[in-house]
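*Asks:*
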């Protein structure tokens with residue numbers, strides 16, 4: 133996007149529709165190796181923050197969520213259990229764009245996690261079994277030995293004679309229900325375009341999300 137192609141009024145009613153379009157364009161352009169890379173920031177029960185890069189699996193404007201997967205027993209998994217709120221950042225430098233999202237976290241169903249795990253490359257499935265993410269290990273050799281054991285059990289590739297690989301119980305999907313979204317576009321002379329959308333978000337006793345309408349405001353850069 134050229135620097136002068138900024139948001140005009142009236143502003144878009146749904147920020148995640150714009151965000152999904154930005155992600156789709158980033159995939160089409162492939163200016164960077166992982167256009168779906170995003171920073172995921174979490175906090176533990178004591179308020180200690182941590183951040184890392186994960187891969188966005190989907191942005192869904194309706195009902196308004198972002199999907200990603202992780203090891204439930206990793207540091208981020210433990211923090212999301214203790215404090216199910218998170219913030220995301222996606223930055224596409226070549227396109228002069230940035231996306232920020234804040235919201236509430238839910239695990240997806242076991243059946244949905246099973247389906248996604250089955251669709252992953254065989255090597256990625258092996259890795260999910262072999263690595264106890266965020267846990268200490270004595271050496272690189274010890275980690276490679278764990279992978280070798282899992283590979284011996286299931287086979288180096290899928291195919292005849294390979295044991296079907298089940299999803300490990302500690303691995304699965306998440307959704308972040310967006311409560312606040314900020315879209316940023318670079319402007320000339322650092323007069324960037326920033327717009328923030330917010331909405332009410334509540335959860336019923338059965339876990340179903342109840343989403344209000346988006347409201348927006350421009351922010352100074």
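Numbering (my numbering), first residue to last: 133 to 353. Note that beta-carbon positions come from the ideal geometry of N, C-alpha and C, so glycine has one too.
(1) Please look up how many angstroms separate the CB atoms of residue 306 and residue 239, rounded, as I've assumed it's under 8 Å.
(2) Could you spell out where the beta strand (DSSP E) holding residue 179 opens and where it closes?
(3) Taking its Cβ as the centre, do 16 or more other Cβ atoms sit within 10 Å of residue 310, making it buried, or is it exposed?
(4) Which term fits residue 194, buried or exposed, when burial requires 16 or more other beta carbons within 10 angstroms of its beta carbon?
(5) Hey, out of 184, 268, 175, whose CA is closest to residue 213's CA?
(6) Just verifying my parser: in three-state terms, what is the DSSP assignment at residue 283?
(7) Quick check on residue 211: buried or exposed, where buried means 16 or more other Cβ atoms within 10 Å of its Cβ?
(8) Going by the DSSP bridge assignment, what does residue 299 pair with across the sheet?
(9) Thinking just about the alpha-carbon of each residue, which of 147, 275, 250, 345 is nearest to the one in residue 264?
(10) If you follow the beta strand (DSSP E) that residue 344 is part of, which residue opens it and which one closes it?
(11) Is the stretch 314-330 in contact with the stretch 340-353, if contact means three or more CB pairs nearer than 8 Å?
(12) Determine the extent of the alpha helix (DSSP H) in which residue 139 is found, giving its start and end residues.
(13) With a CB to CB cut of under 6 Å and the five nearest residues on each side skipped, what residues in its chain are close to residue 232?
(14) Consult DSSP for residue 213 and reduce its assignment to one of helix, strand or coil.
(15) List the residues that DSSP assigns as beta-bridge partners of residue 192.
(16) Determine, using beta-carbon pairs with one atom in the stretch 241-257 and one in the stretch 330-338, whether at least three such pairs fall under 8 Å.
(17) Give me the Cβ distance between residue 289 and residue 312, rounded to the nearest whole Å; I'm assuming they're in contact under 8 Å.
(18) Bridge partners for residue 229 per DSSP, in chain order?
(19) Considering only DSSP beta bridges, list what residue 278 is partnered with.
(20) Is it the case that the Cβ atoms of residue 161 and residue 228 are separated by a distance below 9 Å?
(21) Start and end of the alpha helix (DSSP H) containing residue 155?
*Replies:* So, to answer that:
(1) For the purposes of this step, residue 306 is taken as the residue at position 174 of the chain shown. For the purposes of this step, residue 239 is taken as the residue at position 107 of the chain shown. Right, their Cβ atoms sit about 6 Å apart.
(2) Here residue 179 corresponds to residue number 47 of the chain shown, with the count starting at 1. Here residue 179 belongs to no beta strand (DSSP E), and DSSP marks it neither H nor E.
(3) Locating residue 310 in the chain shown gives position 178, where the first residue counts as 1. The residue is buried, with at least 16 neighbouring Cβ atoms inside 10 Å.
(4) Working through the chain shown from its first residue, we reach residue 194 at position 62. So residue 194 ends up on the exposed side.
(5) Start at 1 with the first residue of the chain shown, and residue 213 comes out as number 81. Looking at the Cα atoms, 175 is the closest of the given residues.
(6) The residue you call residue 283 lines up with position 151 of the chain shown. Three-state DSSP puts residue 283 in a helix.
(7) Working through the chain shown from its first residue, we reach residue 211 at position 79. Residue 211 is buried by the Cβ-count criterion.
(8) Your numbering for residue 299 matches position 167 in the chain shown. None; residue 299 has no bridge partner.
(9) Here residue 264 refers to the residue found at position 132 when the chain shown is read from its first residue. Answer by Cα proximity: 275.
(10) Residue numbering aside, residue 344 sits at position 212 when the chain shown is read from its first letter. No beta strand (DSSP E) holds residue 344; DSSP gives it neither H nor E.
(11) yes
(12) Here residue 139 refers to the residue found at position 7 when the chain shown is read from its first residue. That residue, residue 139, is in no alpha helix (DSSP H); it is neither H nor E in DSSP.
(13) Here residue 232 corresponds to residue number 100 of the chain shown, with the count starting at 1. The residues are 221, 314.
(14) Mapped onto the chain shown, residue 213 falls at position 81. Note: residue 213 maps to helix in three-state DSSP.
(15) Residue mapping note: residue 192 aligns to position 60 of the chain shown, counting from 1. Partner(s): 197.
(16) Fewer than three beta-carbon pairs drawn from the stretch 241-257 and the stretch 330-338 are found closer than 8 Å, and the two stretches are therefore not classed as touching.
(17) As a working mapping, residue 289 is identified with position 157 in the chain shown. As a working mapping, residue 312 is identified with position 180 in the chain shown. Contact between residue 289 and residue 312 does not hold, since their C-beta atoms are separated by about 44 Å, which reaches or exceeds 8 Å.
(18) Numbered from 1 along the chain shown, position 97 holds the residue referred to as residue 229. Residue 229 pairs with 224, 317.
(19) Translated into the one-based positions of the chain shown, residue 278 becomes position 146. Its beta-bridge partners do not exist; DSSP assigns none.
(20) Residue 161 sits at position 29 when you count from the first residue of the chain shown. Residue 228 sits at position 96 when you count from the first residue of the chain shown. No; because the gap between Cβ atoms is not below 9 Å, this pair is not in contact.
(21) Taking the first residue of the chain shown as 1, we reach residue 155 at position 23. Per DSSP, residue 155 belongs to the alpha helix (DSSP H) from 147-161.
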